[in-house]
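Which chain is which? The protein sequence lines are P and S, in order.
First residue of the first sequence? That's 44 in this note's numbering, and the numbers climb one at a time after it.
First residue of the second sequence? That's 539 in this note's numbering, and the numbers climb one at a time after it.
For each residue, glycine too, the CB sits at the ideal point set by N, CA and C.
Below is one structure, written out as structure tokens, with a few remarks after it.
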Amino acid sequence: MRKIVYRTTKFFIPLTIIIISSACSSFPLPDATSETGTEKQATLTIMTHDSFAVSEDIVKSFEEENAIEVKFIKSGDTGTAVNKAILSKGNPIADVFFGVDNTFLSRALDEDIFLSYESPILNDIDDSFKLDPSNRAVPVDYGDVCLNYDKNFFLENKLEPPSTLEDLLAPEYRELLVVENPATSSPGLAFLFTTIANFGEENYLEFWKGLMDNEVLIVNDWEAAYYTEFSGSAGKGPRPIVVSYSSSPAFELIYAEQPIENPPTAAVVTDNTCFRQIEFVGILDGTNNESTARKWVDYMLSPDFQEDMPLQMFVFPVNSEAVLDDSFINYLNSPEATADISPAEIAQNRESWIIEWTETVLR
Amino acid sequence: MKLRSSFKSRDNWRAVILWLIPIAFLLVFYVYPLSSIFRASFARSEDEFYSPIINVISSISTWRIIGFTFWQASLSTLLTLIIGLPGAYLFARYDFRGKTLIRALTVIPFVLPTLVVAAAFNSLLGPGGWLNIIFMELLNLSSPPIQFVNSLFAILVAHVFYNITIVLRMVGDFWSHIDPRMTQAAQVLGANRSQSLLKVTLPIIMPAIITAALLVFIFNFTSFGVILVLGGPRFATLEVEIYYQTIGLFNLPTAAVLSVIQLICTLLLTVAYTRLSAQLNRPISLRPQKYTQSKLKSWKNRLFAAVMVLIILFILLTPLLALVSRSFIRTTPDIDQVSTLQSKLTLDFYRELSINRRDSLFYSPPSTAIIVSLSYAVLTVLLALFLGLPAAWVLTMEKQSLFNQILDPLIMLPLGTSAVTLGLGFIIALSKPPLDLRASLLLIPIAHTLVAFPFVIRSLTPSLRSINPRIRDAAKMLGASNFEVAKRIDLPIVGRAMLVAATFAFAISLGEFGATALISRPEYPTIPIMIYRFISQPGSLNYGQAMALSTILMLTIAISVLAIDRFRIADIGEF
């Protein structure tokens, strides 16, 4: 008898603990934000992903102008950061969110986490960047995901670098390509979209089967692809073609071990082989700082901020008034026509494409 | 009769009181965030709340993933034990020059970020790695013979590399206090070496072995980075699948069900463990190390020691050395194309760490990262010991208490919890007025403590249980208070175990990346966060700096561990 009672309590006590604790979410505990303390100065909090970077004086001048302290919270990669913003909807941990891109945009817009704001500076921005008609997500910058290749390899082997996606199926490119998994990596997802734009929803999986036959290597993240498998950069891997960004060669030049004249890599920027990633900023619903948050959005779109971005994050400004630094332009090839795939299509099919691709290519 | 029962209930109350603080901590920082995210996830389900459960359970791929998770974890754990146990024996029974240093080095892998470890293995075993180049030269092959990246082999090697220190330390330390006279007695009575090992030594050290095995298993079971980076896209553990469902597909109900499955598996494992260890633990007389260890005298001993040290050094040091060397060597030749080794040696990567070339707001010199990392680590050690000591003590003292029997397996759960899920739980649960921690820096040591706390308890319980209760009774009889008993008998005996616990708590915090990245304040980067910052940008200078910082991280942990080892709380005395 005792044993049975004991057994059931053994099961129920932890259960009650869990239930009680989830029930009393309003348990009065002392406020533990010792950090913010008594607000001497107002703070504007900006939530972003971990690749965000900005110059010190750019932020300083905003802080001085508005007598406010700007605090940044980095919340993991883009997908993780967006998820966190969604889950804290209504009670956001920040006032502004920067860094949702067009591959994740539908997720953020469906969940309605942003307040609409029609910034006056939107007039200086090309309409092709404005993917949200109600201006909840405001475009800030863009970058292109393109094939990169090891210049030396193609020179030594007297081979032409690929200029179309079909080229990658040719026997001379066997075992040369490494790409990222679209389910775990954002350049990987961008490349998947590029293939869908090129071959259509009916045929893109055929193309991927062709890539598999041609011994494409798939790894989970950009770091492994670029530094472990790719031969053009510091990791000296075995494969001379990788999916990366059109700005990567510029990085290679500016962050070379020793000053060099030409980057060791180059990007393929022929028509329809790149996918354009656009990053957006939005004011989080539930902020107490809406007016300052609007000023921050304006500031991000202003030429001062826009001109700072290229050398900090290696992305391009969307504001046509922004002037690009010479060192940035000289080593950069930009695609004229990027993969044509509508945001609505992406929003509709994003998850099902990832699942289809995973089942065909990985299983 | 009556006296005894009132005694029992008083003991129960003491258990409750001692448990109060650790339980409160777990409720607020573990159960509450976790239940919040589960509630939020299930609330997103479009059909009935139970339909995602049915979908997940009825899917073949779920079972395949569960099967693979168990399979790779079992293989990895077995391998770690096979290689680790002879090493533990060596460290426990023999005293030789360089032992302290080698022991300290074994902790280094534990703190290294997966991306860096992948780079290290790659420079050894990868397609362009030394071994492949040597084989290609020797055998005249046109393509690299060893396929390392994206293989099960890579997963197993990396798991052994990461976790072998758990076996070496936990089993080694326990073993080193076992009286060798027991084995000698068995041999005098006619047992041969293997008989005395199997029948005498093994049963005595079994509690430490299964504890180490449990911890290694849980680490492998919830493995994420190793699978993702070294295993590649074809392998998925439950944790990887949770990440995929959460980030890739934003299917939170499915992710929640998978998290629950992972928790149930952890719980079943620990329940089995507690059952088993209750049978295995027995009081024994422990002796100080100076009586249990001997010098390497015979050539047989020396050969054994040399082989073991070589194996351990080979597994641990070659990848580490590959990393260190990479931080001093340029890959791109000079402009004048002379590529002698001398022209390639460089300190540039270290120098560059202290330059803020782009005037970035988020630049921090390496010294800041070291200080931030060390502060979090020290806080984690203090917090984990503060919570873990009373809990471990009461767990062993009041073995029969109902409270303990329930809590014993439950406290291991944080170790088996999906970091992706719990991280999201932190965000929704701990940013509301009752507990508004938002971007508080305190969240990081708290998150680290959740992982370190079960470790502390598991490091302490085998030693605490080994204390012969008669010694305590004798002390009490002679008039010692409970406090004095704890101070004079328990503390000296668990002193070493506490150092082991502290070392792991420290290492867990120093190397932790996931939780830190989720709630990171860019002004206060830890070393792993800075490494990640560099390695996620193209450019050989960035790569070199990531390697340089990894070397700094290795030095930091090695020096810290040597320092912790210097602490002598009190060693076991003669009774």
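For this session: For P:Pro-283, collect the residues of the same chain with a Cβ closer than 6 Å to its Cβ; drop the 5 residues on either side in sequence, then sort them by chain order.
Result: Tyr-192, Asp-193, Phe-196, Leu-219, Ser-274
For this session: Taking P:Val-311 as the reference, give the member of P:Phe-323, P:Ser-291, P:Asp-341 with the closest Cα.
Result: P:Ser-291
For this session: Take the Cβ of S:Lys-828 as the centre, count every other Cβ of all protein chains shown within 10 Å, and call the residue buried at 16 or more, exposed below.
Result: exposed
Exercise. Hey, out of P:Leu-198, P:Asn-224, P:Val-222, P:Cys-189, whose CA is closest to P:Thr-207's CA?
Worked result: P:Cys-189
For this session: Tell me where the beta strand (DSSP E) around P:Ala-310 begins and ends.
Result: 308-310
Problem set entry | Residues near P:Asn-305 in its chain [Cβ-Cβ closer than 6 Å; skip 5 each side] | None.
Exercise. Just how far apart, CA to CA, sit S:Gln-1083 and S:Leu-1093?
Worked result: 15 Å
Exercise. Ordered along the chain, which non-local residues of its own chain (more than five positions away) have a Cβ less than 7 Å from that of P:Thr-51?
Worked result: Residue confidence for P:Thr-51 is low, a pLDDT of 38 falling below 50, so the modelled location carries little weight; the figure read from the coordinates is stated next. Excluding positions up to five away in sequence, the list is empty.
Problem set entry | Counterpart residues of P:Thr-86 in DSSP-defined beta bridges | P:Glu-112
Exercise. Grouping DSSP H, G and I as helix and E and B as strand, with all else coil, what is P:Leu-367?
Worked result: coil
For this session: Please name the residue, chosen from S:Arg-707, S:Leu-883, S:Ser-596, S:Arg-577, that lies closest to S:Gly-622 on a Cα-to-Cα basis.
Result: S:Arg-707
Problem set entry | Start-end ranges of the beta strand (DSSP E) lying completely within the segment 268-328 of chain P, minimum 3 residues | 284-288, 308-310, 318-327
Exercise. Quick one: is the Cβ of P:Asn-332 within less than 7 Å of any heavy atom of the ligand MN?
Worked result: Among the components of this structure there are no ligands whatsoever, and the ligand MN is therefore not found.
Exercise. Of all the CB atoms in chain S, is at least one closer than 8 Å to the CB of P:Asn-266?
Worked result: Note that residue 266 of chain P is Glu in the sequence shown, not Asn. It does: the Cβ of P:Glu-266 has a partner Cβ on chain S nearer than 8 Å.
For this session: Please check if any C-beta of chain P sits within less than 8 Å of the C-beta of S:Leu-962.
Result: yes
Problem set entry | Residues of its chain near P:Asp-120, where Cβ-Cβ distance is below 7 Å and the 5 sequence neighbours each way are ignored | His-92, Asp-93
Problem set entry | Integer Cβ distance of S:Phe-759 from S:Ala-957, believed to fall under 8 Å | With a Cβ gap of about 13 Å, S:Phe-759 and S:Ala-957 do not count as contacting.
Problem set entry | Three-state secondary structure assigned by DSSP to S:Asn-688 | coil
Exercise. If we count Cβ pairs, one from each stretch, closer than 8 Å, do we get three or more for the segment 775-791 of chain S versus the segment 574-589 of chain S?
Worked result: yes
Exercise. Do the segment 1068-1078 of chain S and the segment 842-852 of chain S touch if we need at least three Cβ pairs shorter than 8 Å?
Worked result: no
For this session: Leaving aside the five residues before and after S:Glu-1050 along the sequence, list all residues of the same chain whose C-beta is less than 6 Å from its C-beta, in chain order.
Result: His-986
Problem set entry | Burial state of S:Trp-609 (16 or more Cβ within 10 Å) | Exposure of S:Trp-609 is indicated by the presence of fewer than 16 other C-beta atoms within 10 angstroms of its C-beta.
Problem set entry | Coarse secondary structure for S:Tyr-914, derived from DSSP in three states | helix
Exercise. For S:Gln-1075 and chain P, any beta-carbon pair shorter than 8 Å?
Worked result: Interface residue, yes.
For this session: Kindly indicate if chain P contains any beta-carbon less than 8 Å away from that of S:Ala-578.
Result: yes
Exercise. Going by Cα to Cα distance, which pick from S:Ser-574, S:Asp-711, S:Val-754 is closest to S:Thr-618?
Worked result: Closest by alpha carbon: S:Val-754.
For this session: Please state whether DSSP places S:Val-569 in a helix, a strand or coil.
Result: helix
Exercise. So, P:Ala-382 versus P:Asp-138, is the Cβ gap smaller than 8 Å?
Worked result: Contact check for P:Ala-382 against P:Asp-138 fails: the beta carbons are separated by 8 Å or more.
Exercise. Looking at C-beta atoms only, is the number of pairs between the segment 920-940 of chain S and the segment 988-1002 of chain S that lie closer than 8 Å three or more?
Worked result: yes
Exercise. So, is S:Ala-915 buried or exposed, given that buried needs 16 or more other C-beta atoms within 10 angstroms?
Worked result: buried
Exercise. Does the beta carbon of P:Lys-279 come closer than 8 Å to any beta carbon on chain S?
Worked result: yes
Exercise. So who's on the other strand from P:Pro-360, going by DSSP bridges?
Worked result: P:Asp-184
For this session: Pull up the distance between the alpha-carbon of S:Ala-553 and that of S:Pro-952, whole angstroms please.
Result: 21 Å
Exercise. Is P:Lys-46 helix, strand or coil when you go by DSSP?
Worked result: The pLDDT assigned to P:Lys-46 is 40, lower than 50, so where the model puts this residue is not dependable; a value taken from the coordinates is nonetheless given after this. Helix at P:Lys-46.
Exercise. Are the CB atoms of S:Arg-582 and S:Asp-717 nearer to each other than 8 Å?
Worked result: no
Exercise. What does P:Ile-397 reach in chain S if we use C-beta pairs closer than 8 Å?
Worked result: Gly-786, Leu-787
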